[in-house]
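Student:
There are 2 protein chains.
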Amino acid sequence: MPSGIRGGPGRPRIPIQAYYSSFDGMSDTRDEPVDASDLTNAGAPTTVVASPKRLISAAAAGDAPRKVLHINGSFSEKEPPTSSHISQSDDHPPFNPPMPWFGIDVGGTLVKLVYFEPQEVLPEDAAEEVEQTKVILKYLTSNKTYGDTGIRDVHLEMKGVPIDHHTGTLHFIRFPSSAMEKFIHLAKAKGLSSLNTTVCATGGGAFAYEKYIRQEMKLELNKFDELESLISGIHYIEQHHPEESYYFENPLNDETCRKVPHSIRDLYPYLVVNIGSGVSVMLVESRTKFRRVWGTSIGGGTFLGLCCLLTGCETFEEGIALAAKGDHRNVDKLVRDIYGGDYSRFDLPGDTVASSFGQMLDPEWRKNAKPEDLARAVLVTVTNNIGSLAMMCAMNAKVDKVVFLGNFLRVNSVSMKQLSYAMDFWSKGKCKALFMEHEGYFGAVGCLLEYMNLGRQNAHHGGSSDK
Amino acid sequence: MPSGIRGGPGRPRIPIQAYYSSFDGMSDTRDEPVDASDLTNAGAPTTVVASPKRLISAAAAGDAPRKVLHINGSFSEKEPPTSSHISQSDDHPPFNPPMPWFGIDVGGTLVKLVYFEPQEVLPEDAAEEVEQTKVILKYLTSNKTYGDTGIRDVHLEMKGVPIDHHTGTLHFIRFPSSAMEKFIHLAKAKGLSSLNTTVCATGGGAFAYEKYIRQEMKLELNKFDELESLISGIHYIEQHHPEESYYFENPLNDETCRKVPHSIRDLYPYLVVNIGSGVSVMLVESRTKFRRVWGTSIGGGTFLGLCCLLTGCETFEEGIALAAKGDHRNVDKLVRDIYGGDYSRFDLPGDTVASSFGQMLDPEWRKNAKPEDLARAVLVTVTNNIGSLAMMCAMNAKVDKVVFLGNFLRVNSVSMKQLSYAMDFWSKGKCKALFMEHEGYFGAVGCLLEYMNLGRQNAHHGGSSDK
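Sequence order for the protein chains is A and B.
Counting in this note's numbering, the first sequence runs from 1 upward without gaps.
Counting in this note's numbering, the second sequence runs from 1001 upward without gaps.
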C-alpha cells in the first residue's frame, strides 16, 4: 500500500485536509452555535475587589489548591476583605485574575500575544507586582527575547479601551511558534510563574504545550477553542476600534486604489476566512452564533513552504517581497497558452490561469523562470484557491460579505488586492471582500477576554474554561 | 503596481483562475443547457450510401467547394448513385464524412486522438483510399511519429462498436500537445490532406491551431466545445462499454481493495470532475442537459509542474512513481504537529494535513525531505484540493455521485484511492467517488461523434458545427 496511506481496521491514516468535519459543518446537525456573549464581557461595570467564593472556585479549577494574588497585591491565604466591598449592584461580583493580563494564541507558525496594561493607578502595595509585570512586558516586547524574532506591532496598539471594569492599553506581540519553549523558559526566569498566574492560551499550541507549561512553570493552563476566541476577538476589536474593517476601492489601479473603512458591526450574516498556516471559513450569523463551514490546508504555510523550497528564501517577508517583483505568467499556463486567446465560451480572458505551474513541465520555461516569478506563482495559486473557496462558501451560505483575516495578509497587499478583484469579478460585483487592521491577533484578543472573564465563568459553571 | 497585476481602463489583467464565469455557472441564469442528444447519433439504423443534398451542404460548410470522397470510394464531382439506394425508412439519410474518421482533443498538456476503423468490407475501388488511411493510422499509432511520445492505449481499444450506420473498432491515441505542429506536418506529408478531409477538433488547441491547420494543410477545421464533446463522449462510451465506470471498495486496504463496476447510465444527476492540466466540474442533470458549475487551475499541470521543479523529474509517469514511494508527512504540517495529537473539537485525526508544505519553513525539515516525499506532498495537495472542491460542489448541487475523469488519474491509483476515501469520509458515506476506464479520451470521442454527425447537422442547420 502506498506510503502515507494506511488501511486496515481502525481509523485509516490517509492524508486528508484539516477541518473536514466540514461536511457536517455545512449541515446543521453539528457544530452547535457558540454563545459569543459568554466569551466577552467588555465594559461591565463592577468594583475592584476579589470575592472569596470566586477565588475558591477559581482555585478549584486548577490541579491543586493555590495561593491567589488579590488585586490589592499581597499574597495570603487569609480571608480577603469583607463582603461589604462587593458592589450590591453587580449580579456577577468582579473577579480580577492575576496579572499580567494577556492572551496567547499559539498557531502553526506564529505565536500571537495580546497584553492588556490597565491605566488605573493601583494601590501602593501592588507596586511590586506591577513592577514585576513591567519587567515581563519589557521582555515580552524585546526583540532579543526569543531568537531576535519577537516583534511588537506598535502600529496596532490600542489605548484607552475597556475590558471588564478596567480601562487600559492593548499591546500586540508575535513570535515564531518554534520559539515557544524558549519563551516559556524566559517567562519562567523572569518571574512570570512567581506571580503564580494562570496562563490562558488558544490555538493548537495551547494543547501541544499544555503538559510542558504545567511541568515547567507549575502553572494552571486554561485552553480555549481557537475559533471561538477568534470570533469573540473580532467582535471586541470591531466594537472598540472605529476604522478596523475596510475594503479596497479600485484594487487594481495604483493611482485610484484606496482603503475605504466599512464597519461590519451587526452586518450579519458574513463569512470570516482566517488564513494562517491553513485556512478556516466561518459563517457568522449573529453576535452570538457562528459555525465553521469549510477549510483548506493550502494556506500561508503552503505559500512560505513552497517559496522556501523554490526560491531559497527564509522568511515570509522575503517571500512576499520576492513575489511582489515577479510575474506568474512565466510559470503558469494561461488560457491564451492553450486557446491562443480568450476562451470566449466562458468569458475567460486569455490572461486567466488555466493551470497553475502548468508551464513548468517544459525544460525551457523552467530554465527561464526567475525566483521572483516562482514566488509570485505560489502567491497567486494560494490566493486564488482561497478566493475560490470563499466564493463558493459565500454562494452556498448566500452572504455578500467575506472578511479575510490572518497573518498571511500581513504586508501582503498583492493578495488583498487580488482577493478584492477576484471576489468582485466572480460575483459580478455582488460580493465584497473585507479586511481588518489587526489581521492575525483576533484569536489572542478573544483569549485575553476569556481570561479576564475566567472567574465569572468559574462562578457560573464551577469549572475551568477548557473546552 | 505589482507586476502581473495591470490596472487602468479596460479589463484588468489580474491573474484569476480559469473557469470563473462559474459564479454565473452556479446560478441558473447562463450556461444554457446543451442538448447532448444533438451531439451523438450512435447506432442510428441507415444504409451505407451518400446523399447528394448532404454532400452539397457539407461542402457548403467549408471555405471553398471541395471534392468529396463517396463511401463507394471513387473521387468524383459527378452525381452519386441514384436515390433508389437511399433507405426509405431513414428520416435523416446517411452522410459519410471523408475518411479517416477521427476526433482529436488538443488539451493543455496532451493531445487525445480517437480513430474509428469501420469493419465492413468496402467496395474494391475504395481500396486505394482505405490503404492510404491505413498508412495514416500506422503513423498515428507509431511511437516514432512525434518525438517518441505518441502512444496508442491498446488496452482501451473497443471492438464492434456502432457509430452512425457503421460498426467498427475505436483506437485511442495520445501525444504531447507540444508535438502538435510535428503531428500536423506528418499528417500532411503522409497524405492526410490529399484525402482532402475535414479535420474535427476540440480542446483549447482546436482554437490555437486553427489558422495553422487551415494554412498548412488547406483543410477545413470544425471546432467543437470541449465540455460538450466530453459529456457526449461519456454518454457514448458508458452506453457501449459495459464495465466502463466503477468505484473502489475498501480503497485503503491493499488486501481487500477492489474495483466494483457501477454503471452511471441514466443515474442523473451526477457531477463530472474532469482533471486535465486544470480542473472543470460539470453537473449532468439528464442525458440532454448539463452545465459547468466550477473549476480550479490546480490540476494535473500543477502536479507535474511542481514535481519537475522540486524533484527534477521529467514526465508524469516519473512523478507518479516517485510520489508512490514518498511520505507527505515529512513535508506537510499535520494537525498533530500543531495540536500534539487529534483536534477533537472537529474530529480531526492528528495525521490530517493542517498546512500543505507547512514543515518546509524549517531548514532542518527541508534538508530531510526526500524527492519522493516532495512528490507525494504535491500529489496529496492537488488531490485533496480537487476532492474538497468536488465535495462542496456535490453538497451545493445535492448530488451523491461524483465521476472523476481526466489523464491526471492515469496510472495514478494513489489519487483515485485518496479521492474515494476522502469523499466517503467527508460525506459520512453519503457521496460516492466514481471513475471511468477511458480516463482522458471522452472529449476526443465526443469530437469523433460530432464529425460522424456533421453532415446531418449541416443538413439540419445549414451551417458548420463551429460553436
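Glycine included, every Cβ here is placed at the ideal spot set by N, Cα and C.
Bear in mind that the values here come from a model prediction, so they are computed numbers and not experimental data.
Please determine if the segment 1297-1305 of chain B and the segment 1231-1242 of chain B are in contact, where contact requires at least 3 C-beta pairs separated by less than 8 Å.
Tutor: Contact fails: fewer than three Cβ-Cβ distances are below 8 Å.
Student: How about leucine 309 (chain A): is its C-beta nearer than 8 Å to some C-beta of chain B?
Tutor: Taking the first sequence and counting its residues from 1, the one referred to as residue 309 (chain A) is at position 309. Judged by the 8 Å Cβ criterion, leucine 309 (chain A) is in contact with chain B.
Student: Would proline 98 (chain A) and threonine 198 (chain A) be called neighbours here (beta carbons separated by less than 8 Å)?
Tutor: Sequence index remark: in the first sequence, residue 98 (chain A) carries index 98 (1-based). Sequence index remark: in the first sequence, residue 198 (chain A) carries index 198 (1-based). Contact flag set, yes.
Student: Per DSSP, what kind of secondary structure is threonine 1167 (chain B) in: helix, strand or coil?
Tutor: Taking the second sequence and counting its residues from 1, one reaches residue 1167 (chain B) at position 167. Three-state DSSP puts threonine 1167 (chain B) in a strand.
Student: Among all the DSSP beta bridges, which residues are the ones paired with phenylalanine 290 (chain A)?
Tutor: To locate residue 290 (chain A), count along the first sequence from 1; it is residue 290. Bridge partners of phenylalanine 290 (chain A): A:Val284.
Student: Beta-carbon within less than 7 Å of valine 1445 (chain B)'s beta-carbon, same chain only, minus the 5 sequence neighbours each way: which residues are those?
Tutor: As a working note, residue 1445 (chain B) is residue 445 in the second sequence. Same-chain partners within the cutoff: Gly1103, Val1114, Gly1233, Tyr1236, Ile1237.
Student: Opposite glycine 1295 (chain B) in the DSSP bridges: which residues?
Tutor: Here residue 1295 (chain B) refers to the residue found at position 295 of the second sequence. For glycine 1295 (chain B), which the question treats as bridged, DSSP gives the partners B:Ser1280.
Student: Given a threshold of 16 other Cβ atoms within 10 Å of its Cβ, counted over all protein chains shown, does arginine 1291 (chain B) qualify as buried or as exposed?
Tutor: Within the second sequence, numbered from 1, the residue matching residue 1291 (chain B) stands at position 291. The residue is buried, with at least 16 neighbouring Cβ atoms inside 10 Å.
Student: Within the 8 Å Cβ cut-off, does alanine 359 (chain A) reach chain B?
Tutor: Within the first sequence, numbered from 1, the residue matching residue 359 (chain A) stands at position 359. Note on identity: in this sequence residue 359 (chain A) is glutamine, with alanine being the wrong assignment. Yes, contact with chain B.
Student: Excluding the 5 residues preceding and the 5 following glycine 440 (chain A) in the sequence, name in chain order all residues of the same chain whose CB lies nearer than 6 Å to its CB.
Tutor: Within the first sequence, residue 440 (chain A) is the residue found at index 440, counting from 1. Lys112, Gly406, Asn407, listed in sequence order.
Student: Terminal residues of the continuous alpha helix (DSSP H) containing lysine 1112 (chain B)?
Tutor: The sequence position of residue 1112 (chain B) within the second sequence is 112, counting from 1. That residue, lysine 1112 (chain B), is in no alpha helix (DSSP H); its beta strand (DSSP E) goes 1110-1118.
Student: Can you pull out the residues from the segment 1380-1411 of chain B whose beta carbon lies closer than 7 Å to at least one beta carbon of chain A?
Tutor: Going along the segment 1380-1411 of chain B in chain order, one finds Val1380, Thr1381, Asn1384, Asn1385, Ser1388, Met1391, Met1392, Met1395, Asn1396 with a Cβ nearer than 7 Å to chain A.
Student: With DSSP collapsed to three states, give me the class of cysteine 1308 (chain B).
Tutor: Position 308 of the second sequence, counted from the first residue, corresponds to residue 1308 (chain B). Looking at cysteine 1308 (chain B) - three-state DSSP - the assignment turns out to be helix.
Student: Going by C-alpha to C-alpha distance, which of A:Tyr270, A:Lys398, A:Phe172 sits closest to leucine 110 (chain A)?
Tutor: Looking up residue 110 (chain A) in the first sequence gives position 110. Checking every option, the nearest Cα to that of leucine 110 (chain A) belongs to A:Phe172.
Student: Show which residues of chain B have a CB atom less than 7 Å away from the CB atom of arginine 345 (chain A).
Tutor: Sequence index remark: in the first sequence, residue 345 (chain A) carries index 345 (1-based). Those within 7 Å of arginine 345 (chain A) in chain B are Asp1225.
Student: Are the C-beta of phenylalanine 1116 (chain B) and some C-beta of chain A separated by less than 8 Å?
Tutor: Start at 1 with the first residue of the second sequence, and residue 1116 (chain B) comes out as number 116. It does not; no Cβ of chain A falls within 8 Å.
Student: Helix, strand or coil: which one does DSSP assign to serine 355 (chain A)?
Tutor: Counting from one through the first sequence, the residue named residue 355 (chain A) turns up at place 355. The answer is strand: DSSP assigns serine 355 (chain A) an E or B state.
Student: Does the beta carbon of serine 277 (chain A) come closer than 8 Å to any beta carbon on chain B?
Tutor: Here residue 277 (chain A) corresponds to residue number 277 of the first sequence, with the count starting at 1. It does; some Cβ of chain B falls within 8 Å.
Student: To the nearest angstrom, how far is it from the Cα of leucine 1306 (chain B) to the Cα of arginine 329 (chain A)?
Tutor: Residue 1306 (chain B) sits at position 306 when you count from the first residue of the second sequence. Residue 329 (chain A) sits at position 329 when you count from the first residue of the first sequence. Those two C-alpha atoms are separated by around 15 Å.
Student: Do three or more CB pairs link the segment 353-363 of chain A to the segment 313-321 of chain A at distances below 8 Å?
Tutor: Taking 8 Å as the limit for Cβ pairs, the verdict is that the segment 313-321 of chain A does not touch the segment 353-363 of chain A.
Student: Please tell me whether glutamate 1450 (chain B) has its Cβ less than 8 Å away from any Cβ of chain A.
Tutor: Here residue 1450 (chain B) corresponds to residue number 450 of the second sequence, with the count starting at 1. Not an interface residue.
Student: Which one of A:Ile213, A:Arg410, A:Asp164 has the shortest CA to CA distance from glutamate 181 (chain A)?
Tutor: Position 181 of the first sequence, counted from the first residue, corresponds to residue 181 (chain A). Considering only alpha carbons, the answer is A:Ile213.
Student: Mapping DSSP to helix, strand and coil, what is alanine 1369 (chain B)?
Tutor: What you label residue 1369 (chain B) is simply residue 369 of the second sequence in a count that begins at 1. If DSSP states are grouped into helix, strand and coil, alanine 1369 (chain B) belongs with coil.
Student: Could you check what DSSP says for asparagine 1041 (chain B) in three-state terms: helix, strand or coil?
Tutor: On the second sequence, residue 1041 (chain B) is found 41 positions in, with the first residue counted as 1. Note that asparagine 1041 (chain B) has pLDDT 29, beneath the 50 cutoff, so the model's placement of it is unreliable and no number is given.
Student: Output the boundary residues of the beta strand (DSSP E) element that contains methionine 423 (chain A).
Tutor: As a working note, residue 423 (chain A) is residue 423 in the first sequence. Per DSSP, methionine 423 (chain A) belongs to no beta strand (DSSP E); it is in the alpha helix (DSSP H), 413-426.
Student: The segment 329-342 of chain A: which residues have C-beta closer than 9 Å to a C-beta of chain B, in chain order?
Tutor: Cβ contacts with chain B: Arg329, Val331, Asp332, Lys333, Leu334, Val335, Arg336, Asp337, Ile338, Tyr339, Gly340, Gly341.
Student: Are the CB atoms of serine 1434 (chain B) and tyrosine 1246 (chain B) nearer to each other than 8 Å?
Tutor: In the second sequence, counting from the first residue as 1, residue 1434 (chain B) sits at position 434. In the second sequence, counting from the first residue as 1, residue 1246 (chain B) sits at position 246. Checking the sequence, you will find leucine at residue 1434 (chain B) rather than serine. The answer is yes: Cβ separation under 8 Å.
Student: Check whether the segment 332-341 of chain A touches the segment 408-420 of chain A, taking contact to mean three or more Cβ pairs, one atom from each stretch, closer than 8 Å.
Tutor: Result no; under three Cβ-Cβ pairs closer than 8 Å.
Student: Count the other CB atoms within 10 Å of the CB of leucine 454 (chain A); is the residue buried (16 or more) or exposed (fewer)?
Tutor: Indexing the first sequence from 1 puts residue 454 (chain A) at position 454. Answer is buried; the Cβ neighbour count reaches 16.
Student: Just to confirm my understanding: we take alanine 323 (chain A), look at its own chain, exclude 5 residues before and 5 after, and list those with CB closer than 6 Å. What are they?
Tutor: Here residue 323 (chain A) refers to the residue found at position 323 of the first sequence. Closer than 6 Å at Cβ, skipping near neighbours: Ala375, Arg376, Leu379.
Student: Report buried or exposed for glutamate 1228 (chain B), applying the criterion of at least 16 other Cβ atoms within 10 angstroms of its Cβ.
Tutor: Locating residue 1228 (chain B) in the second sequence gives position 228, counting from the first residue. That one is buried.
Student: By alpha-carbon positions, which one of A:Val414, A:His438, A:Pro162, A:Glu244 ends up nearest to isoleucine 264 (chain A)?
Tutor: Residue 264 (chain A) sits at position 264 when you count from the first residue of the first sequence. Per the Cα distances, A:Glu244.
Student: Between which two residues does the alpha helix (DSSP H) holding glycine 326 (chain A) run?
Tutor: As a working note, residue 326 (chain A) is residue 326 in the first sequence. It is not in any alpha helix (DSSP H) - glycine 326 (chain A) carries neither H nor E in the DSSP assignment.
Student: Under the three-state reduction of DSSP, which class applies to valine 399 (chain A): helix, strand or coil?
Tutor: Residue 399 (chain A) sits at position 399 when you count from the first residue of the first sequence. Correct three-state label for valine 399 (chain A): coil.
Student: Residues of the segment 282-299 of chain A with a CB closer than 9 Å to any CB of chain B: list them in chain order, please.
Tutor: Under the 9 Å Cβ criterion, the segment 282-299 of chain A contributes Arg292, Trp294, Gly295, Thr296, Ser297, Ile298, Gly299.
Student: Glutamate 364 (chain A) to serine 415 (chain A), Cα distance in whole Å?
Tutor: Translated into the one-based positions of the first sequence, residue 364 (chain A) becomes position 364. Translated into the one-based positions of the first sequence, residue 415 (chain A) becomes position 415. The alpha-carbon atoms of glutamate 364 (chain A) and serine 415 (chain A) are separated by roughly 28 Å.
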